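*Asks:* Pasting a structure below so you can have a look.
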Ligand SMILES: N[C@@H](CCC[C@H](N)C(=O)O)C(=O)O
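In this note's numbering, the protein residues as written are 645 to 938.
Encoded structure:
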C-alpha cells in the first residue's frame, strides 16, 4: 500500500462528491475503495474526483472520475466545481486547466464564490454518444418506456457531453415520474452500449427548466452538471429554449448553463466543503481529520 491520501467530502449543489488528493503518487483509487466508501453513510457519494499529477503540458492536473458503483466517468461538472473550490482554497489561484477522460477543460472561481466550468463542445453523432444503432437525427430517437400504446416516457434527445445523456421531455412535474423505477432500465437499455445518464426535463420558460437525473453508475442524485448541460443543449437544439438557461435541480439548487456561439457549454454553480479526512485508495478505509467539521 502506498499510504493514505487526503480527501475532502464536498457537494456541488447536492451532488455528493469526494475530492481525493492523489498528487505525487502512482496508484489510483480502486473500484473496491469506491464501493466501500459509498457503503458508509458518512462518506456516501455520487462521484470521486481523484486529483493526479498532470499528464499533459499546459494542464495543472489529471482528474480521474469514479462513480459510486466503482465505474469510470468521463465528465462531472458538479465535481469539477468542487475540485476548483478545494484547489483555490489551497493555492489562492482562481483559474485551472484540467485533463479528464473527456479531454482538456478550463474552470474558474468567480469573486462571488460561484464556479464556471467549460464543459467543452457537445457531440450529437450516434456513434459519438454512443448508440448501438444508427440514428441520423439525435434530437429525438425512438425509445420508450411503459405501455406500448401509452408510454410514460418516450422520444428522448440524446447527446454526449463527454459522457452519454438521454433527455426525456415532460410537460408535468418531474416528481410525478417514477425515475427510480425507470432509471435503471433506461440506463442499461441495449441502445446505450456504454449505458447512459437519464434525465427528465420540464421546460418552464425559454430561460428555465426543472430536471431530475438518474445517473449512470450512481442512481438518483440531487444534481448532475453534465446532465444540465446536455438538457440545455438538447432544448436549444429542439427550439424549446434559448441558449442560456437556469435549471432547478432535485436538491433545490440552481445551475446556470450557457451554450456559447463558439459551441462551448459553460456550467456555473456553487460548491460546498463538508469535512476532510484521509483514506486508503486501495480499500476505502478512512478516518476523519480531528479538526474537521462534523
Ligand atoms: N454528477 C456528474 C456526472 C457524473 C458522471 C456520470 N454518472 C457518468 O457516468 O457519466 C456531473 O455533475 O456532471
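No residue lacks a Cβ here, since even glycine has one placed at the ideal position from N, Cα and C. Fair warning: this is a prediction, and the values are worked out from it, not measured in the lab.
1. Tell me whether residue 832 counts as near ligand 1, meaning its Cβ is closer than 7 Å to at least one heavy atom of that ligand.
2. Please identify the residue among 754, 775, 909, 807 whose C-alpha is closest to the C-alpha of residue 710.
3. Going by the beta-carbon positions, is the gap between residue 721 and residue 761 smaller than 8 Å?
4. Per the DSSP calculation, residue 846 is bridged to which residue(s)?
5. Can you tell me the Cα-Cα spacing of residue 870 and residue 723, whole angstroms?
6. Closer than 7 Å: is that where the CB of residue 753 sits relative to any heavy atom of ligand 1?
7. Would you say residue 899 and residue 867 are within 8 Å of each other, going by their C-beta atoms?
8. Does the beta carbon of residue 739 fall short of 7 Å from some heavy atom of ligand 1?
9. May I have the straight-line CA-CA distance separating residue 712 from residue 779, to the nearest angstrom?
10. Looking at residue 845 and ligand 1, is the gap between the Cβ and the nearest heavy atom below 7 Å?
11. Around the Cβ of residue 791, are there at least 16 other Cβ atoms within 10 angstroms (buried) or fewer (exposed)?
12. Check whether the region 686–693 touches the region 650–665, counting contact only when three or more Cβ pairs, one atom from each stretch, lie closer than 8 Å.
13. So which residues touch the region around ligand 1, with touch meaning a C-beta under 7 Å from any heavy atom?
14. Taking just the CA atoms, how far does residue 676 sit from residue 894?
15. Report yes if the CB atom of residue 818 is closer than 8 Å to the CB atom of residue 809, and no otherwise.
16. Give me the Cα-Cα distance between residue 905 and residue 680, rounded to the nearest whole angstrom.
17. Using CA coordinates, which residue listed in 657, 666, 658 is at the minimum distance from residue 924?
18. Which parts of the region 730–801 are runs of the beta strand (DSSP E), unbroken and 3 residues or longer, counting only runs that do not cross its ends?
19. In three-state terms, what does DSSP make of residue 826?
20. Buried or exposed: which applies to residue 645, given that a residue is buried once 16 or more other Cβ atoms fall within 10 Å of its Cβ?
21. Okay, do the region 834–845 and the region 859–866 touch, 3+ Cβ pairs below 8 Å being the bar?
22. Does the beta-carbon of residue 851 have 16 or more other beta-carbons within 10 angstroms, so that it is buried, or is it exposed?
23. Below 6 Å CB to CB, which residues in the same chain sit around residue 933 once its five sequence neighbours on both sides are set aside?
*Replies:* Short version:
1. Numbered from its first residue, the chain shown carries residue 832 at position 188. Residue 832: no, Cβ never under 7 Å from ligand 1.
2. Indexing the chain shown from 1 puts residue 710 at position 66. Ranking the options by Cα distance to residue 710, first place goes to 807.
3. Position 77 of the chain shown, counted from the first residue, corresponds to residue 721. Position 117 of the chain shown, counted from the first residue, corresponds to residue 761. Yes, these two residues count as a Cβ contact at 8 Å.
4. Looking up residue 846 in the chain shown gives position 202. Residue 846 pairs with 854.
5. On the chain shown, residue 870 is found 226 positions in, with the first residue counted as 1. On the chain shown, residue 723 is found 79 positions in, with the first residue counted as 1. Roughly 10 Å separates the two Cα atoms.
6. In the chain shown, the residue the question calls residue 753 occupies position 109. Result no, Cβ not under 7 Å from ligand 1.
7. The residue given as residue 899 occupies position 255 in the chain shown. The residue given as residue 867 occupies position 223 in the chain shown. It is a contact, given that the beta carbons lie within the stated cut-off.
8. Counted from its first residue, the chain shown places residue 739 at position 95. Outside the cutoff, so no.
9. Reading the chain shown from its first residue, position 68 is the one you call residue 712. Reading the chain shown from its first residue, position 135 is the one you call residue 779. Rounded to the nearest angstrom, the two C-alpha atoms are 31 Å apart.
10. As a first step, residue 845 is located in the chain shown; it is residue number 201 there, counting from the start. Checking every heavy atom of ligand 1 against the Cβ of residue 845, none is found closer than 7 Å.
11. Sequence index remark: in the chain shown, residue 791 carries index 147 (1-based). Result: exposed.
12. yes
13. 656, 659, 690, 691, 709, 711, 715, 717, 718, 719, 720, 721, 722, 723, 807, 808, 841, 859, 860, 861, 862, 865, 867, 868, 869, 870, 871
14. Residue mapping note: residue 894 aligns to position 250 of the chain shown, counting from 1. Residue mapping note: residue 676 aligns to position 32 of the chain shown, counting from 1. Approximately 28 Å, taken between the alpha carbons.
15. The count along the chain shown starts at 1 and reaches residue 818 at position 174. The count along the chain shown starts at 1 and reaches residue 809 at position 165. Not closer than 8 Å, so no.
16. On the chain shown, residue 905 is found 261 positions in, with the first residue counted as 1. On the chain shown, residue 680 is found 36 positions in, with the first residue counted as 1. Straight-line Cα distance between these residues: approximately 43 Å.
17. The residue given as residue 924 occupies position 280 in the chain shown. Taking only the C-alpha atoms, the option nearest residue 924 is 666.
18. 739–744, 747–753, 759–762
19. Indexing the chain shown from 1 puts residue 826 at position 182. Reduced to three states, the DSSP call for residue 826 is helix.
20. Here residue 645 corresponds to residue number 1 of the chain shown, with the count starting at 1. The predicted position of residue 645 is uncertain, since its pLDDT is 48 and thus under 50; no value can be drawn from it.
21. yes
22. By 1-based counting over the chain shown, the position of residue 851 is 207. Classification for residue 851: exposed.
23. The residue you call residue 933 lines up with position 289 of the chain shown. Cβ neighbours of residue 933 beyond the five flanking positions: 920, 921.
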